[in-house]
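Number of protein chains: 2
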Amino acid sequence: MKILLDAMGGDNAPDAVIKGVAKAIKDIEAEVVLIGKEYVIKERAKELLGRDLSEISDRISIHNAEETIEMEDTPTQAIKSKKDSSMVVGFNLLKEDQGDVFISAGNSGALLTGATLLVGRIKGIDRPALAGILPSYHGRLVLMDCGANTNCRPLNLLQFAQMASIYMANTVGVESPRIGLLNIGTEETKGNELIRNSYQLLKKYAKELNINFIGNIEGREAFLGEVDVVIADGFTGNVFLKTVEGLGKLVKISLKESMTENIFAKIGAVPALPSIKRFAKTMDYKEYGGALFLGVKKPVVKAHGSSDEKLFEFTIKQAEQFVNHKAVDELKSIYESELNKEKLDEIKQYITTLEV
Amino acid sequence: MKILLDAMGGDNAPDAVIKGVAKAIKDIEAEVVLIGKEYVIKERAKELLGRDLSEISDRISIHNAEETIEMEDTPTQAIKSKKDSSMVVGFNLLKEDQGDVFISAGNSGALLTGATLLVGRIKGIDRPALAGILPSYHGRLVLMDCGANTNCRPLNLLQFAQMASIYMANTVGVESPRIGLLNIGTEETKGNELIRNSYQLLKKYAKELNINFIGNIEGREAFLGEVDVVIADGFTGNVFLKTVEGLGKLVKISLKESMTENIFAKIGAVPALPSIKRFAKTMDYKEYGGALFLGVKKPVVKAHGSSDEKLFEFTIKQAEQFVNHKAVDELKSIYESELNKEKLDEIKQYITTLEV
Numbered sequence: 002m003k004i005l006l007d008a009m010g011g012d013n014a015p016d017a018v019i020k021g022v023a024k025a026i027k028d029i030e031a032e033v034v035l036i037g038k039e040y041v042i043k044e045r046a047k048e049l050l051g052r053d054l055s056e057i058s059d060r061i062s063i064h065n066a067e068e069t070i071e072m073e074d075t076p077t078q079a080i081k082s083k084k085d086s087s088m089v090v091g092f093n094l095l096k097e098d099q100g101d102v103f104i105s106a107g108n109s110g111a112l113l114t115g116a117t118l119l120v121g122r123i124k125g126i127d128r129p130a131l132a133g134i135l136p137s138y139h140g141r142l143v144l145m146d147c148g149a150n151t152n153c154r155p156l157n158l159l160q161f162a163q164m165a166s167i168y169m170a171n172t173v174g175v176e177s178p179r180i181g182l183l184n185i186g187t188e189e190t191k192g193n194e195l196i197r198n199s200y201q202l203l204k205k206y207a208k209e210l211n212i213n214f215i216g217n218i219e220g221r222e223a224f225l226g227e228v229d230v231v232i233a234d235g236f237t238g239n240v241f242l243k244t245v246e247g248l249g250k251l252v253k254i255s256l257k258e259s260m261t262e263n264i265f266a267k268i269g270a271v272p273a274l275p276s277i278k279r280f281a282k283t284m285d286y287k288e289y290g291g292a293l294f295l296g297v298k299k300p301v302v303k304a305h306g307s308s309d310e311k312l313f314e315f316t317i318k319q320a321e322q323f324v325n326h327k328a329v330d331e332l333k334s335i336y337e338s339e340l341n342k343e344k345l346d347e348i349k350q351y352i353t354t355l356e357v
Numbered sequence: 002m003k004i005l006l007d008a009m010g011g012d013n014a015p016d017a018v019i020k021g022v023a024k025a026i027k028d029i030e031a032e033v034v035l036i037g038k039e040y041v042i043k044e045r046a047k048e049l050l051g052r053d054l055s056e057i058s059d060r061i062s063i064h065n066a067e068e069t070i071e072m073e074d075t076p077t078q079a080i081k082s083k084k085d086s087s088m089v090v091g092f093n094l095l096k097e098d099q100g101d102v103f104i105s106a107g108n109s110g111a112l113l114t115g116a117t118l119l120v121g122r123i124k125g126i127d128r129p130a131l132a133g134i135l136p137s138y139h140g141r142l143v144l145m146d147c148g149a150n151t152n153c154r155p156l157n158l159l160q161f162a163q164m165a166s167i168y169m170a171n172t173v174g175v176e177s178p179r180i181g182l183l184n185i186g187t188e189e190t191k192g193n194e195l196i197r198n199s200y201q202l203l204k205k206y207a208k209e210l211n212i213n214f215i216g217n218i219e220g221r222e223a224f225l226g227e228v229d230v231v232i233a234d235g236f237t238g239n240v241f242l243k244t245v246e247g248l249g250k251l252v253k254i255s256l257k258e259s260m261t262e263n264i265f266a267k268i269g270a271v272p273a274l275p276s277i278k279r280f281a282k283t284m285d286y287k288e289y290g291g292a293l294f295l296g297v298k299k300p301v302v303k304a305h306g307s308s309d310e311k312l313f314e315f316t317i318k319q320a321e322q323f324v325n326h327k328a329v330d331e332l333k334s335i336y337e338s339e340l341n342k343e344k345l346d347e348i349k350q351y352i353t354t355l356e357v
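Put into structure tokens, the structure is as follows:
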């Protein structure tokens with residue numbers, strides 16, 4: 002297996018990427034190809050690790066790419082004009098099967114655009130979307146779409162539910178994961194037009210599509226272990242995701258402060274620190290790694306923009322597992338089948354009756 | 002001042018209401034009128050407090066109402082048919098100036114419908130909305146709309162911003178509170194059509210309307226003290242609110258568990274318990290009381306459905322302050338002025354140019 006890694010993407014690139022690879026390589030079997038300015042990577046590696054990457058492992062190599070897509074670049078434009086950027090080169094290697102997965106912490110918009118334009122959508126999938134992992138009571142929660150599609154149609158939410166089910170069954174090993182539709186109430190009459198129509202669509206087709214749809218879920222219940230997957234349009238999903246991130250930060254800061262607000266608290270806290278640290282960890286969304294861009298022909302992982310070496314290490318290991326579990330092949334075989342084509346036409350027909 | 006209180010509303014009514022009043026009355030100057038089945042309230046009071054409410058304070062009285070609007074009732078239907086329900090009676094007393102504020106923890110939909118139908122919108126306000134208070138770094142955050150309006154137009158979000166500013170300036174005493182528009186990015190091109198148009202509208206009219214608009218805000222930053230008010234449509238706002246509630250619950254459970262997962266953690270945690278409890282408190286949205294329904298002619302407070310006696314006590318005190326600060330009168334004088342009428346027409350005209 003070959004993991005393609007954008008060495009220039011993210012707030013802490015290339016240093017955090019290089020250190021992350023150096024750590025991850027010990028625990029994975031795959032090769033890792035760092036894509037970016039070769040001389041920069043080599044120079045930084047020597048500086049950071051005291052030796053060449055090749056000395057760390059013969060499974061680490063560098064593929065030169067002279068350009069870099071910056072955070073402020075316009076996605077489509079950047080993908081089309083910066084042909085020799087680490088991201089575009091990475092996507093082309095992935096497309097030409099010179100790699101099995103591409104990871105980047107760079108410009109999110111460019112990553113999604115590039116994946117769709119260069120790697121291509123799986124036939125039958127209307128909109129690929131980001132599946133992210135969040136903390137939840139005694140486990141984790143998959144959120145889809147995390148923000149790839151600001152404007153969605155009911156068909157998209159149905160397919161998000163289907164893709165997320167297949168992903169969880171294949172990768173996380175959860176048989177028939179419980180799928181909830183993010184809404185402001187549990188009754189099927191609740192929510193805006195998109196959500197109400199999506200509910201009806203899921204209700205009608207869930208069984209046939211092997212989606213274990215348990216109905217609407219409110220943010221209040223989402224974390225308490227009642228669902229494995231939360232489905233939302235990209236706008237609502239992204240608000241949900243960032244709210245979790247923001248509150249996670251608030252928790253860490255406030256907890257730290259209340260533990261050190263006075264000398265008694267300081268002393269008192271010391272014996273409890275291990276459990277407090279463990280708790281803070283479960284609240285840190287970063288512990289849950291990158292998001293998968295499901296619906297494109299090959300595995301693409303969006304690493305967190307502010308990833309540090311620890312997170313890159315984790316995301317690389319996660320990517321290897323993701324490829325091993327072949328969720329993307331599974332998605333392809335299901336969506337590209339004749340059967341699905343017929344079903345899709347039927348579903349689209351049914352939707353027209355809903356949205357009138 | 003007279004506080005009208007729905008004695009039959011909420012999961013823990015009437016007991017929690019009765020106990021809450023008995024506690025709150027010591028700390029407030031207002032009279033409190035409990036509205037509901039008189040014989041039930043009297044009986045429960047004797048049972049819970051060991052004496053009649055009148056013996057606790059001559060500022061507590063009961064106004065009989067034979068019916069109760071249940072959680073599963075259809076709002077509009079319930080308001081129209083249950084004329085002698087504690088909620089409808091409460092609204093009518095409020096309308097007839099036999100009270101200065103109405104508090105209920107009952108059926109939310111019925112509360113909002115009743116307030117709009119019976120008390121009436123302030124002229125010039127297109128849609129009243131719920132302003133709720135949330136935890137934030139070293140302070141609190143006002144969220145508007147918390148969920149009264151599932152489908153909104155840009156004009157609504159502009160007016161939410163204006164109402165929230167006036168409320169904060171008058172009640173919380175924050176001069177020119179910083180208003181953020183809840184979005185999935187900070188750039189003005191981000192978000193769905195509603196949010197993009199609302200951004201343009203706020204950008205153009207904020208100054209004139211004395212709104213300190215600081216631009217888009219992401220859930221990530223919302224809690225870190227960068228804004229005083231978060232503006233959102235009722236759907237997104239409600240998702241945001243319930244996500245905060247849900248994560249708050251998760252925090253409390255997980256923290257408790259990690260503190261007691263083994264004997265060492267148990268012992269270790271003991272000295273830190275005060276600061277941990279204090280922290281858990283800041284994470285508990287319930288500590289922040291009821292939500293105000295702004296935009297109707299008189300003060301209406303939506304208490305949390307699962308309010309316990311402590312929360313009712315707090316919400317009652319909060320309501321007295323709210324009335325004292327006359328935010329509703331301020332809203333009326335602003336919106337009902339001729340000047341605002343002209344301005345409103347101009348704004349509506351401008352909106353048509355946006356939404357084309």
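The listed protein sequences correspond, in order, to chains A and B.
Heads up: the first sequence is residues 2 to 357, going by our numbering.
Heads up: the second sequence is residues 2 to 357, going by our numbering.
Glycine is no exception: its CB is placed at the ideal position from the N, C-alpha and C atoms.
Predicted model only: the values in this text are computed from it and were never measured.
On the DSSP bridge assignment, give the partners of residue i in chain order.
i	result
I4 of chain B	B:V33 and B:V102
G181 of chain B	B:G216 and B:V231
N65 of chain A	A:G37
V245 of chain B	Paired residue(s): none; V245 of chain B is not in a bridge.
A292 of chain A	A:K303
V252 of chain B	According to DSSP, which records beta bridges pairwise, V252 of chain B is partnered with nothing at all.
S86 of chain A	A:E68
V297 of chain B	B:R122 and B:L295
Does residue i have its Cβ less than 7 Å from a Cβ in chain B?
i	result
Y351 of chain A	no
G216 of chain A	no
R221 of chain A	yes
G21 of chain A	no
L251 of chain A	yes
F315 of chain A	no
N157 of chain A	no
Any beta-carbon of chain A closer than 7 Å to the one on residue i?
i	result
I134 of chain B	no
E189 of chain B	no
V1 of chain B	Shown here, chain B extends from 2 to 357; a query on residue 1 of chain B therefore has no answer.
K243 of chain B	yes
G306 of chain B	no
N341 of chain B	no
Y336 of chain B	no
E246 of chain B	yes
I126 of chain B	no
F236 of chain B	yes
G140 of chain B	no
G148 of chain B	yes
Out of the options, which one is the CA nearest neighbour of residue i?
i	options	result
S58 of chain B	B:K20, B:I212 and B:P178	B:K20
L195 of chain B	A:L183, A:Q163 and A:T237	A:T237
G115 of chain B	B:I232, B:D7, B:K38 and B:D330	B:D7
N193 of chain A	B:I4, B:V252 and B:G235	B:G235
G174 of chain A	A:S338, A:N325 and A:L340	A:N325
L203 of chain A	A:S334, A:L355, A:L159 and A:L135	A:L159
K191 of chain A	B:T354, B:G121, B:N152 and B:E176	B:N152
G296 of chain B	B:K303, B:L312, B:G306 and B:V329	B:V329
Q163 of chain B	B:I254, B:L355, B:L345 and B:G91	B:L345
F294 of chain B	B:G110, B:E68 and B:E222	B:G110
N171 of chain A	A:E343, A:L332 and A:D12	A:L332
Y200 of chain A	A:E209, A:I212, A:L182 and A:L210	A:L182
D309 of chain B	B:K3, B:V18 and B:M2	B:V18
V301 of chain B	B:D98, B:N198 and B:A14	B:D98
- Quick check: the segment 179–188 of chain A against the segment 210–224 of chain A, are there 3 or more CB pairs under 8 Å? yes
- Just checking, does the segment 123–130 of chain B make contact with the segment 97–106 of chain B on the three C-beta pairs under 8 Å criterion? no
- Item | Three CB pairs or more closer than 8 Å across the segment 24–32 of chain B and the segment 308–320 of chain B | yes
- Message: Is it the case that the segment 250–262 of chain B contacts the segment 130–148 of chain A, given that we only count it when at least three CB pairs across the two stretches are under 8 Å?
- Response: yes
- Task: For the segment 113–185 of chain B, list the beta strand (DSSP E) runs that are entirely contained and at least 3 residues long, ordered along the chain.
- Result: 130–137, 140–145 and 179–183
- Inter-stretch contact (C-beta, 8 Å, three-pair minimum) for the segment 336–351 of chain A and the segment 69–77 of chain B: no
- Per the contact definition of three or more C-beta pairs closer than 8 Å, is the segment 319–326 of chain A in contact with the segment 151–167 of chain A? no
- Message: Would the segment 55–71 of chain A count as touching the segment 30–47 of chain A if we require 3 or more Cβ pairs under 8 Å?
- Response: yes
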